[in-house]
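Using the numbering used here, read the sequence shown as starting at -6 and increasing by one per residue. Accompanying notes for the structure given below.
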Amino acid sequence: MKLQNILRTYFPTLQKLAVLVIFFIFTPVTLFVSAFSLTSLSKYGQSETLAKNIESSKNSVSQINVYSSYAPDLPSISAEIIAADAREQIIIQYLDRYNSPLVPYAGFIVQNADKYGIDFRLITAIAQQESNLCKKIPEDSFNCWGWGIHSRGTLRFDSYESGIETVSKGLKTQYIDKGYTNPNEIMSKYTPLSNGSWADGVNKFLTELN
């Protein structure tokens, strides 16, 4: 009876103590587990984000490398096209300024300069000096360059194209290849009686064609 009375008296207190013990034991454990789980999830998320960023960076670098491998070719192609077009445009604009009948043959002039390896401006400058760009020539001679003039008359060509080709080739084979490489040297053979005005004029017109 005494035991029962003791239990009846102290049982509620023991229950409270048991609850407190359980609370203080399991609460820290629960908090620790929760904190650990949150930390793990956070690290996992950061790792996943980092992995994605690294992969994205690799893709970006790969794309940059792919583009850079092709980039150097484009400008060089463009530069060549622009250079070729610019030379023809320079000749066209110069001839057009003086209302020369050679305007339609500007491209042919550049082509023959490349074909025979001479300055693309040279025969235009000589034509300006000799005939005011073909405006002062014997009728139907198509000879704008005073090419082949002799005591019996002036050499005639069948067309401007024929004249351009003949003079371009002749300047290369009869002058430049033999050491007459600038207007002063060319003048000594081309027009030996000139007092220097021929070379001065050609040099001036070459400068205008820059």
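Beta carbons: idealized from backbone N, C-alpha and C, even for Gly. The structure displayed is predicted, hence computed values, not measured ones.
Member of the options whose CA lies at the smallest distance from the CA of residue i
i, options, result
"residue 170", "90, 111, 97 and 89", "111"
"residue 107", "128, 132, 131 and 164", "164"
"residue 132", "174, 152 and 117", "152"
"residue 109", "162, 156 and 85", "162"
Cβ distance (whole Å) where residue i is taken to contact residue j below 8 Å
i, j, result
"residue 158", "residue 87", "Not really, about 20 Å apart at Cβ, beyond 8 Å."
"residue 176", "residue 195", "4 Å"
"residue 154", "residue 138", "Incorrect: roughly 14 Å between the Cβ atoms, too far for contact."
"residue 80", "residue 113", "5 Å"
"residue 117", "residue 130", "Residue 117 to residue 130, Cβ: 15 Å. No contact."
Cα-Cα separation between residue i and residue j, rounded to whole angstroms
i, j, result
"residue 198", "residue 93", "14 Å"
"residue 73", "residue 183", "Any reading at residue 73 is ruled out, since the residue's pLDDT is 42, under 50, leaving its predicted position unreliable."
"residue 142", "residue 78", "34 Å"
"residue 99", "residue 115", "12 Å"
"residue 136", "residue 192", "19 Å"
"residue 178", "residue 167", "12 Å"
"residue 180", "residue 186", "9 Å"
"residue 96", "residue 147", "23 Å"
"residue 203", "residue 83", "8 Å"
"residue 119", "residue 126", "8 Å"
"residue 105", "residue 190", "27 Å"
"residue 134", "residue 188", "27 Å"
"residue 174", "residue 85", "25 Å"
"residue 128", "residue 156", "15 Å"
"residue 75", "residue 121", "Because residue 75 carries a pLDDT of 46, less than 50, the predicted location of this residue cannot be relied on, and no value is offered for it."
"residue 149", "residue 172", "27 Å"
Heavy atom of the ligand NAP within 6 Å of residue i beta-carbon
i, result
"residue 188", "Ligands displayed in this structure: none; no statement on the ligand NAP is therefore possible."
Limits of the alpha helix (DSSP H) - the one that residue i falls within
i, result
"residue 193", "190 to 201"
"residue 115", "115 to 124"
"residue 176", "176 to 183"
"residue 107", "99 to 109"
"residue 156", "153 to 163"
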